[in-house]
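All the letters of the sequence shown, read from the start, carry residue numbers 20 to 192 under this note's numbering.
Heads up, the beta-carbon is just placed ideally off N, CA and C, and yes, glycines get one too.
Let me begin by presenting the structure, written as structure tokens, before commenting on it.
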Amino acid sequence: MKKIIILLAFIVTPMVTNAQTTFFDSLENTDGVDMVVVTKDMFEILSKFSPKKLKDSKEMKVFEMINDLKEFKMFSSDNKDIANKMETMANTAIKKNNLTELMRIKEDDSRVKIYVKASKNKDYVSEVLMFIKGVDKKTNGMAEAVIVSLTGNIDINKMSDLADTFINNEKSN
Numbered sequence: 020m021k022k023i024i025i026l027l028a029f030i031v032t033p034m035v036t037n038a039q040t041t042f043f044d045s046l047e048n049t050d051g052v053d054m055v056v057v058t059k060d061m062f063e064i065l066s067k068f069s070p071k072k073l074k075d076s077k078e079m080k081v082f083e084m085i086n087d088l089k090e091f092k093m094f095s096s097d098n099k100d101i102a103n104k105m106e107t108m109a110n111t112a113i114k115k116n117n118l119t120e121l122m123r124i125k126e127d128d129s130r131v132k133i134y135v136k137a138s139k140n141k142d143y144v145s146e147v148l149m150f151i152k153g154v155d156k157k158t159n160g161m162a163e164a165v166i167v168s169l170t171g172n173i174d175i176n177k178m179s180d181l182a183d184t185f186i187n188n189e190k191s192n
């Protein structure tokens with residue numbers, strides 16, 4: 020399950036608007052919530068480190084994709100009350116931003132839901148919200164929730180190619 024979540028986070032990472040991120044800002048100062056925030060400035064710095072020897076590699080495709088990212092936020096908690104609050108916040112963001120469900124995954128007691136907001140050009144997505152909630156063996160049966168929020172402009176075709184690359188590498192390992 021963790022491999023799927025990590026893979027989906029990398030695939031979905033490049034997409035969500037600033038309006039949506041305000042839904043989750045209150046989680047930044049909440050005890051019991053772990054968080055990661057990566058800003059556009061960091062993405063710009065990372066894109067400058069793309070070594071020429073990586074030309075045409077999957078790593079280079081990642082570097083190309085991050086050029087159009089504005090912000091990445093990830094919040095996680097294994098506190099049941101906070102997990103329920105996070106689910107409510109995600110549902111509110113989905114409704115308020117008119118996000119379209121892209122995918123649902125159920126594995127044992129875990130659920131993964133991915134929502135997107137298409138831009139005017141159907142080859143691009145402007146928002147992505149991923150919500151994961153479930154019972155993890157590492158939390159001794161306690162609820163665990165993760166919200167991944169991305170803003171930016173991502174080419175779906177590049178994302179698809181990158182996803183194929185990661186999935187094919189996963190199968191060969």
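Check, Outcome
"Touching by the beta-carbon criterion (3+ pairs, under 8 Å), the stretch 105 to 124 and the stretch 134 to 148", "yes"
"Backbone secondary structure at Val169 - three-state DSSP", "Reading off the sequence shown, one finds Leu at residue 169, where the question assumed Val. Leu169 falls in the strand class under three-state DSSP."
"Burial state of Ser95, where buried means 16 or more other Cβ atoms lie within 10 Å", "buried"
"Span separating the alpha-carbon of Ser145 from that of Ser168", "11 Å"
"Any alpha helix (DSSP H) of 4 or more consecutive residues that is wholly inside the stretch 46 to 71", "59 to 66"
"For Lys89, the first and last residue of its enclosing alpha helix (DSSP H)", "That residue, Lys89, is in no alpha helix (DSSP H); its beta strand (DSSP E) goes Leu88 to Ser96."
"Leu88 and Gly153 closer than 7 Å at C-beta", "no"
"Cutoff 6 Å; reference Val57; Cβ partners in own chain excluding five residues on either side", "Phe91"
"Boundaries of the beta strand (DSSP E) in which Lys136 is found, first to last residue", "Ser129 to Ala137"
"Close Cβ partners of Lys114 (< 7 Å) along its chain, the five nearest in sequence each way excluded", "none"
"Cut-off 8 Å between Cβ atoms - residues of its own chain near Thr111, not counting five sequence neighbours on either side", "Phe42"
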